[in-house]
Structures are given as C-alpha cells and as structure tokens.
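Asker: If you're matching positions, the sequence shown starts at 14 in my numbering and goes up one per residue.
Ideal Cβ placement from N, Cα and C applies to all residues, glycine included.
Mind looking over this structure? Questions follow.
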Amino acid sequence: RVETLEMTDGSRLSGRIVASDQQTVTIATNALRPSQTQRVAVSSIRSRSALPISTMPAGLLNAFNAEEVLDLLAYLLSGASPDHEVFR
14 RVETLEMTDG SRLSGRIVAS DQQTVTIATN ALRPSQTQRV AVSSIRSRSA
64 LPISTMPAGL LNAFNAEEVL DLLAYLLSGA SPDHEVFR
C-alpha cells in the first residue's frame, strides 16, 4: 500500500514503506524501481497516512480473459516460483 509522509519542512514523500524502526523509515518512492529507496529520520516526519485506494488502475482485469486472470492469480500465489504446486 502507498503511504504519504509529510515532512517537518513541508515536503512530502509517497511510496511503499519497506522498513522502519524507532529512528528511521525506509520508503520506496518509485514503483518501477522498488530497490531505490530513501531513508528518512522519524524525527523529520510530521505525519504519515495511507492512501485510501489501491494504485491498481480501475478495470485492469476487464481486459483479461478467464485464463489470463487465473494465470495472474497463480503467479501471485506462487511468489513467481515456476516450481510451485499451483503450476502443476
């Protein structure tokens, strides 16, 4: 899920929180490059809020046929492992 961090300097960061502890929050701000992250000090965060809706485009599955939907579900359930039982 996407969260927005409002910083004490007035700036904002939006993305997926990938790690946090008492001192820092690590956020991936680019969904196309999830390994690129930013670490920010908890003390520099004024507020933190979750996006109330999914970032998935509305109607995305409408373009898929039944077999493609099942393939997508199998992929997600398997964690992308071609050896997973869902592919047997």
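List the endpoints of the continuous beta strand (DSSP E) containing Ser91.
Answerer: If you number the sequence shown from 1, residue 91 lands on position 78. Segment 79–91 is the alpha helix (DSSP H) holding Ser91; no beta strand (DSSP E) there.
Asker: Just to confirm my understanding: we take His97, look at its own chain, exclude 5 residues before and 5 after, and list those with CB closer than 6 Å. What are they?
Answerer: Here residue 97 refers to the residue found at position 84 when the sequence shown is read from its first residue. Around His97: Ser91.
Asker: Does the distance from the CB of Arg46 to the CB of Leu18 come in under 8 Å?
Answerer: Residue numbering aside, residue 46 sits at position 33 when the sequence shown is read from its first letter. Residue numbering aside, residue 18 sits at position 5 when the sequence shown is read from its first letter. No, the pair does not count as a contact, with Cβ atoms beyond the cut-off.
Asker: Would you list the one or two residues that DSSP bridges to Met69?
Answerer: On the sequence shown, position 56 is the one that residue 69 refers to. The partner list for Met69 (beta bridge, DSSP) is empty, contrary to what the question assumes.
Asker: Tell me whether Ile66 is buried or exposed, calling it buried when 16 or more other Cβ atoms sit within 10 Å of its Cβ.
Answerer: Numbered from 1 along the sequence shown, position 53 holds the residue referred to as residue 66. Under this definition Ile66 is an exposed residue.
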